[in-house]
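Numbering (the numbering used here), first residue to last: 109 to 206. Glycine included, each C-beta is placed from N, C-alpha and C at the ideal position. If you're wondering where the values come from, they're calculated on a predicted model, not measured in any experiment. All remarks here apply to the structure that follows.
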């Protein structure tokens, strides 16, 4: 099996999303949902702190920069995001297709 087959497996998707919901707080989930919606609108793959802040604000969520930093750290440790330089990316394509 290839990695693409793993990502398309319904059991894997279910496990990944359940793990995400159980291991994150509302703040972290709000960040992910806001980024997913904004990324879909603008067709972006990577996103910076300023993109995250703008995506949250557009949806009426205002977080101090240190809380955005903490949420990104939690999501990175949870394997939801990975960082390259100043940009973050979703680790699994499962999140971008939900």
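Residue burial is scored here from C-beta neighbours: residue 160 has at least 16 other C-beta atoms within 10 angstroms and is therefore classed as buried.
Under the three-state reduction of DSSP, residue 133 is assigned to coil, being neither helix nor strand. Under the three-state reduction of DSSP output, residue 194 falls in the coil class, being neither helix nor strand. Remark: fewer than three beta-carbon pairs, one from each stretch, lie closer than 8 Å, so the region 146 to 153 and the region 171 to 186 are not flagged as touching.
Of the residues assessed, residue 183 falls on the buried side of the cut-off, its CB having 16 or more other CB atoms within 10 angstroms.
For residue 160, the enclosing alpha helix (DSSP H) covers residues 157 to 166.
Beta-bridge partners assigned by DSSP to residue 189: 198. Ranked by Cα distance from residue 140, the options 194, 162 and 193 are led by 162.
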